[in-house]
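Taking our numbering, the leading residue of the sequence shown gets 130, the next gets one more, and so forth.
The beta-carbon is built from N, C-alpha and C at its ideal position, and this holds for glycine as well.
Since we're looking at a predicted model, the values are computed, not measured.
Everything below concerns the one structure shown next.
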Amino acid sequence: MGLPGGSLARNAARDPGVAVMPRSRRHAGMRERRVALVSAVVVVMTLAVLVRLWQLQVVNGPAYARAAAAAHVRTVSLPAAQGGVLAADGRPLAAERHHGALAGPPGDDDGADALRTALEDWYGEALTGQAGQRTVSVDTHGAVTRVLAVRAPRPGHSLITNVDGRVQRLAEQVLSRLERGGGGSVVVLEASTGRVIALAGDVVRPRPGESPVIRGVPAGTAAALGLTAPSGIDLPGERTAAAPLLEDLLDGNLLNPSRTAVVLTGPLQLARACAAVANGGTLFSPRVARALVRVDGRAGGEPGAWTGRVVTPPVAGRIPAATLHLVRDALTGPSAGRGTGGAETGVITEPDWSASFGPKLRFVVVVVISHGDAGGAARELQKAAAAPARTTAGP
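Here's what the structure looks like:
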């Protein structure tokens, strides 16, 4: 076999017009094209990476920086100190807090504690205050490195009530002694203002079997004195047991305001009606709270308006004679009106109740006992409320 060069020489000799390219040069041209293609691909990929890096660093860089900083920032809540609920003399109304409702029997939950819980529900926002906030920077292990910002908590207001702690304790003791397994309630109001001096038992949500029954009152008079409507006291969940008995529904007394009726009312409604009689005709909404006070001692706002409306003197004057059967009470000092009740009807068993009040008496006392004698308890509480030991605190 001859050499390739000889073949090329022979071909060139046969056809002098044909130019022959050596094989090595053709291979070199193909390699150059491949290198150019690969280089172009590398350049395009490099440009794509550079564009993406530019987008991450320049376009999205601030957003990522904020996210990274936020990952190392923590917000800590600073609880606010809750304001206290105080008796009229500035002492805590209850030593400790128990959960429950005012309607709970005194044997199950101390009355002052239940009253405090009810007030905390009613005035919750003012007593709770506003929580603060501390913003801190932390490292990768969660340890605080520095404090970025602090918003101090705002403590809650203290609530000064009209409740006389001494009378309140006595009311609870009297009620506990007289209940004998049944139910009952005690209400002590200041006749000239409607201030609540003491509450015990089921005063906000009375049950029908433990609600006073008042006989012989004209339907219009009962409505004018608030015996058939909620009292408007500043405690949650009030409902009234006010209703006519079945015998009055059958007689159609509700359709005739001048007809007398037998009214099932509540202890609060009865107490405020007696207060209206005693003070000359102003029907107040009972108020447990007297003032909201800031930590620095300044007034923190009014707990609520002491609403009242005037009952005409003829209406107020008819109550002792026609409804509450005005009698002389065995009190030391001024005479008092004392309404009494207690009987068996065809619809409901009436509890024993007593209302002690009078034009010269500062306080109205209503005692309702499902089984027992309420008269002696009313006298005892009237004397205790009138004792000069009561002092007040706050504005």
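Going by other Cβ atoms of all chains shown within 10 Å of its Cβ, with 16 needed for buried, is residue i buried or exposed?
i              : result
threonine 274  : exposed
alanine 272    : exposed
glutamate 297  : As written in the sequence, residue 297 is glutamine, which differs from the glutamate given in the question. Under this definition glutamine 297 is a buried residue.
asparagine 189 : exposed
alanine 327    : buried
leucine 244    : buried
glycine 212    : buried
arginine 419   : buried
threonine 204  : exposed
leucine 397    : buried
glycine 165    : A small correction: the amino acid at residue 165 is alanine; glycine does not occupy that position in the sequence shown. Exposed, by the Cβ-count rule.
alanine 157    : exposed
valine 173     : exposed
leucine 307    : buried
glutamate 161  : exposed
valine 332     : buried
threonine 350  : buried
serine 168     : exposed
Can you give me the start and stop residues for the beta strand (DSSP E) that residue i sits inside?
i              : result
glycine 330    : 325-330
glutamine 262  : 261-267
alanine 278    : 273-280
glutamate 319  : 313-319
threonine 322  : Element bounds for threonine 322: n/a, residue is neither H nor E.
alanine 418    : 418-422
isoleucine 498 : 492-498
arginine 334   : Note, arginine 334: premise wrong, no beta strand (DSSP E); not H, not E.
arginine 203   : 202-207
threonine 411  : 411-413
aspartate 363  : Element bounds for aspartate 363: n/a, residue is neither H nor E.
serine 485     : 481-486
threonine 290  : 287-290
Counting only the same chain and skipping the five closest in sequence on each side, list residues whose C-beta sits under 6 Å from that of residue i.
i             : result
alanine 507   : Ser483, Ser485, Val494, Val496
tyrosine 252  : Leu288
proline 284   : Ala209, Ala210, Gly258, Val424
alanine 450   : Bear in mind that a pLDDT of 45 at alanine 450, under 50, signals an unreliable position, so the number given afterwards is only what the model happens to contain. Contacts found: none.
arginine 368  : Arg334
valine 279    : Arg263
leucine 176   : none
glutamate 361 : The sequence given here has glycine at residue 361, not glutamate. Within the same chain, glycine 361 has close Cβ partners Ser414.
Considering only residues of the same chain and omitting the five flanking positions on each side of residue i, which have a CB-CB separation below 7 Å?
i              : result
valine 303     : Val315, Ala506, Glu509, Leu510
alanine 503    : Asp481, Trp482, Ser483, Val496, Val497
serine 206     : Ala260, Gln262
proline 365    : Ala247, Asp250, Trp251
proline 282    : Leu207, Pro208, Ala209, Gly258, Gln259, Ala260, Gly261
alanine 352    : none
glycine 233    : Only weak support is given to the placement of glycine 233: the predicted model assigns it a pLDDT of 43, under 50, and the value that follows is read from those uncertain coordinates. So the qualifying residues of the chain are Ala243.
asparagine 291 : Ala217, Arg324, Val325, Ile326, Arg416, Val417, Arg419
If I'm right that residue i touches residue j with Cβ under 8 Å, what's the distance once you round it to whole angstroms?
i                 : j             : result
alanine 216       : aspartate 293 : 7 Å
phenylalanine 492 : leucine 318   : 7 Å
valine 417        : leucine 248   : 6 Å
glycine 286       : leucine 393   : According to the sequence displayed, residue 286 carries histidine and not glycine. So it is not a contact: roughly 38 Å between Cβ atoms.
serine 499        : glycine 313   : 6 Å
alanine 210       : leucine 222   : Alanine 210 to leucine 222, Cβ: 17 Å. No contact.
alanine 407       : proline 488   : 6 Å
arginine 295      : alanine 515   : Going by Cβ atoms, the distance from arginine 295 to alanine 515 rounds to 12 Å, so no, they are not a contact pair.
Taking the continuous alpha helix (DSSP H) assigned at residue i, which residues delimit it?
i             : result
arginine 565  : The structure shown does not extend to residue 565, since the chain spans only 130 to 524, so no value can be given for it.
threonine 257 : 253-257
Can you give me the Cβ contacts of residue i inside the same chain, cut-off strictly under 8 Å, excluding the 5 residues immediately before and after it?
i             : result
valine 171    : none
leucine 277   : Val202, Thr264, Val265, Ser266
glutamine 186 : none
Is residue i near the ligand COA, in the sense that its beta carbon is under 8 Å from a heavy atom of that ligand?
i             : result
aspartate 218 : What this structure holds is no ligand at all, so the ligand COA is not there to describe.
Under 8 Å, with one C-beta from each stretch per pair, do the region 389-409 and the region 348-358 reach the 3-pair mark? With the rule of 3 Cβ pairs closer than 8 Å, the region 389-409 counts as touching the region 348-358.
If you pair each beta-carbon of the region 241-260 with each one of the region 181-193, do three or more pairs fall below 8 Å? With a cut-off of 8 Å on Cβ pairs, the region 241-260 is not in contact with the region 181-193, counting fewer than three such pairs.
Check whether the region 326-337 and the region 418-429 are in contact - that is, three or more C-beta pairs closer than 8 Å. The answer is no - the region 418-429 does not touch the region 326-337, with fewer than three Cβ pairs under 8 Å.
Can we say the region 315-328 touches the region 404-423, given the rule of at least three CB pairs closer than 8 Å? The region 315-328 and the region 404-423 touch, with no fewer than 3 CB-CB distances between them shorter than 8 Å.
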